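Numbering (the working numbering), first residue to last: 220 to 602.
The beta-carbon is built from N, C-alpha and C at its ideal position, and this holds for glycine as well.
What you are looking at is a predicted structure, and each value in this text was computed from that prediction instead of being measured.
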């Protein structure tokens with residue numbers, strides 16, 4: 220008896236399976252996550268994606284859809300021993316990294332828990348992540364020199380967190396994460412999401428299993444090349460400009476340790492190689508899963524600019540739509556923030572060369588020539 224192969228599933232089928240069981244008017248987060256999985260299956264540096272959104276906004280449900288993939292591993296311990304252990308008892312694995320082996324995908328459903336740790340613990344965990352991103356992790360165990368446990372491999376990562384991540388220095392992460400911020404929701408969206416959850420009451424496990432099957436079948440039938448599809452020279456230039464925009468806009472400005480009112484240091488902006496490499500890998504993933512060029516670039520722009528903390532991004536968005544600029548009061552009012560809070564973000568962006576300012580009173584803020592040139596090139600929009 221011949222068993223027929225599973226019927227090929229299209230990208231639209233994956234989206235539909237999620238929209239039928241979740242309130243998901245905008246499937247962008249699903250597409251970015253799916254492209255991350257595919258991008259991490261191809262040769263190249265790993266993609267480390269961070270999904271940022273409000274609690275109960277659907278992040279966990281999306282990553283749960285990938286639970287049945289063979290390369291997926293869930294992070295349950297952030298200790299060195301949990302990742303790599305020399306004491307392997309009966310039925311033991313030697314730690315998560317031994318289980319992952321040469322290649323895998325790590326999913327962290329609640330990165331906010333790591334952020335809430337004491338700074339010393341959190342910084343140790345983030346240091347471990349930086350090593351894992353680079354494809355290596357060494358752990359010395361025992362006394363008198365002991366032995367060094369070593370892991371070498373390729374691990375991608377998808378983490379879910381809230382905007383609490385904006386309170387942690389980007390430098391602490393080593394700028395290894397591509398941050399995707401879930402689309403903003405309206406009051407109606409929030410209400411309809413709640414109604415959808417009520418309609419799904421008692422059916423959640425079956426619905427998750429269905430979404431997992433659809434994702435697994437889609438990827439099983441997807442022709443994923445060993446090497447990422449090549450970019451045209453125009454695409455390479457556009458991606459370079461986008462990485463330039465993303466790295467400068469997310470770079471940090473150092474203020475005094477007391478009141479924080481005075482800028483003490485404007486470090487050189489982050490260089491491009493790490494972000495452009497991840498964006499290129501993500502672009503390849505989007506292409507392979509079947510996302511069209513217009514949507515592909517829209518999603519890449521969202522990933523590149525997602526590295527900006529949300530309030531900084533609001534200021535940029537407001538001023539991109541105001542060629543003649545705005546006062547601090549106007550920008551703060553549109554963002555729903557106190558003037559003093561917004562003024563700090565505007566100053567930081569100006570220090571980085573993203574914005575320009577005309578001294579007042581009142582001060583007028585507007586986009587710099589550098590920002591306008593980059594934005595026009597990467598978005599295709601005139602200003």
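In the three-state DSSP reduction, residue 396 falls in the coil class, being neither helix nor strand.
The beta carbon of residue 292 sits closer than 8 Å to those of 315, 318, 319, 323, 324, 325 and 326, all from its chain and outside the five residues before and after it, given in chain order. Look at the beta carbons and you see the segment 445-463 not touching the segment 273-284: under three pairs across the two are nearer than 8 Å. By the Cβ neighbour-count rule, residue 540 is exposed, with fewer than 16 other Cβ atoms within 10 Å of its own. Note that the C-beta distance between residue 576 and residue 584 is below 8 Å. Between the segment 397-406 and the segment 520-530 there are three or more C-beta pairs closer than 8 Å, enough to call the two in contact.
Rounded to the nearest whole angstrom, the CA to CA distance from residue 436 to residue 227 is 7 Å. For the set 281, 498 and 376, the Cα lying nearest the Cα of residue 269 is the one of 376. Counting only the Cα atoms, residue 497 lies some 11 Å from residue 352. The bridge partners DSSP lists for residue 474 are 482. DSSP places residue 586 in the uninterrupted beta strand (DSSP E) bounded by 583-586.
For residue 348, the enclosing alpha helix (DSSP H) covers residues 338-352. The beta-carbon separation of residue 232 and residue 433, rounded to 6 Å, stays under the 8 Å limit for a contact. The residue among 443, 381 and 368 with its C-alpha nearest the C-alpha of residue 254 is 443. Between the segment 281-290 and the segment 251-265, the count of Cβ pairs shorter than 8 Å is three or higher; the stretches touch. Bounds of any beta strand (DSSP E) do not take in residue 297, whose DSSP letter is neither H nor E.
Counted as a single uninterrupted DSSP element, the alpha helix (DSSP H) harbouring residue 278 occupies residues 278-283.
Here residue 337 is exposed, its C-beta having fewer than 16 other C-beta atoms within 10 Å. Per DSSP, the beta bridge partners of residue 355 are 371. Residue 558 and residue 547 do touch by the CB rule: their CB atoms are close to 5 Å apart, below 8 Å.
Per DSSP, the unbroken alpha helix (DSSP H) holding residue 408 starts and ends at 406-418. Distance from the CA of residue 467 to the CA of residue 488, rounded to the nearest whole angstrom, comes to 5 Å. Taking residue 299 as reference, the option from 267, 330, 341 and 579 with the minimal CA-CA separation is 341. Rounded to the nearest angstrom, the Cβ distance from residue 566 to residue 482 is 7 Å, consistent with a contact under 8 Å.
Residue ranges of uninterrupted alpha helix (DSSP H) with 4 or more members, entirely inside the segment 483-540 and ordered along the chain, are 492-508, 512-524 and 529-539.
Residue 382 has its alpha-carbon roughly 26 Å from the corresponding atom of residue 257.
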